Amino acid sequence: FETIPFIFANPVADFSINKDTLCANRPLLFSSTVSGISSWNWNFGNGLGINSTPFFHTYSNPGKYYIKLVVRDNNGCGSFQKTDSLQVNPVPAVYAGTDKILQSGNSVLIDASVSPPSQYGFQWSPVEGLSNATLLNPLAGPEQTTVYTLTVRDLQSFCSNEDAVKIEVFSKLYIPNTFT
3 FETIPFIFAN PVADFSINKD TLCANRPLLF SSTVSGISSW NWNFGNGLGI
53 NSTPFFHTYS NPGKYYIKLV VRDNNGCGSF QKTDSLQVNP VPAVYAGTDK
103 ILQSGNSVLI DASVSPPSQY GFQWSPVEGL SNATLLNPLA GPEQTTVYTL
153 TVRDLQSFCS NEDAVKIEVF SKLYIPNTFT
């Protein structure tokens with residue numbers, strides 16, 4: 003009599019991407035509920051990988067990426083290719099301005115910049131000594147030397163970036179003369 007070979011079902015490649023942080027230089031979580039897989043063959047659109055899930059992958063450049071996965075199970079059977087796409091957004095190019103020197107009791111305008119400013123929300127920290135911590139260019143009058151950090155957030159993609167500026171405070175400038 004003849005032996006009938008056992009036929010195994012092909013595995014199904016499946017994965018999901020946590021797409022809440024689709025920003026350049028921010029890690030994305032890849033996960034899958036597929037089990038019994040012996041090899042994972044990824045094409046991330048910017049490189050290859052053999053990671054089993056869950057894992058993080060980071061895209062350093064903005065753009066559209068097509069992610070492809072083929073898996074092989076413990077029986078050596080391979081899957082069809084599973085494909086997904088994502089649009090990675092740029093992070094804002096923010097400049098908190100040049101460091102300033104300030105006499106105690108005075109204030110100075112922080113010359114921060116991002117373009118176009120209408121596309122972003124702003125938050126400075128710490129807020130102490132600032133005229134308005136949600137303006138791009140607040141007046142700063144801290145009582146002591148302070149490093150202010152500006153966080154800029156894109157209002158559509160929610161990608162954010164930050165930069166810092168130092169406001170150095172001196173109490174009195176002493177200028178000696180010939181009689182001192």
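For reference, each letter of the sequence shown is one residue, going 3 to 182 in the working numbering. Beta carbons are placed, not taken as given, at the ideal position from N, Cα and C, and that holds for glycine. Small disclaimer: the values here were computed from a predicted structure and weren't measured.
Sort out for me which residues DSSP pairs residue i with in a bridge.
i: S87; result: Y68
i: G38; result: G38 is not bridged to any residue.
i: V73; result: W42
i: E130; result: Its beta-bridge partners do not exist; DSSP assigns none.
Classify residue i as helix, strand or coil using the three-state DSSP reduction.
i: K21; result: helix
i: S162; result: strand
i: S109; result: coil
i: S120; result: helix
i: T136; result: coil
i: A142; result: strand
i: K168; result: strand
i: G51; result: strand
i: F82; result: coil
i: S115; result: strand
i: T60; result: strand
Report back the beta-carbon spacing between residue i and residue j to the nearest angstrom; my notes put them in contact at under 8 Å.
i: E1; j: L152; result: Outside the shown range of the chain (3 to 182) lies residue 1, about which nothing can therefore be said.
i: K174; j: V149; result: Not a contact, Cβ separation roughly 22 Å.
i: I39; j: S54; result: 7 Å
Can you tell me whether residue i is buried or exposed, with buried defined as 16 or more other CB within 10 angstroms of its CB?
i: P56; result: exposed
i: G99; result: buried
i: L30; result: buried
i: G65; result: exposed
i: D113; result: exposed
i: F32; result: buried
i: D22; result: exposed
i: D101; result: exposed
i: A166; result: exposed
i: G131; result: buried
What residue does the beta strand (DSSP E) around residue i start on, and which one ends it?
i: K102; result: 102-105
i: P29; result: 29-33
i: T153; result: 148-156
i: F3; result: Careful: F3 lies outside any beta strand (DSSP E) and carries neither H nor E.
Between residue i and chain D, is there a C-beta pair that is closer than 8 Å?
i: P92; result: No chain D is present in this structure, which holds just one protein chain.
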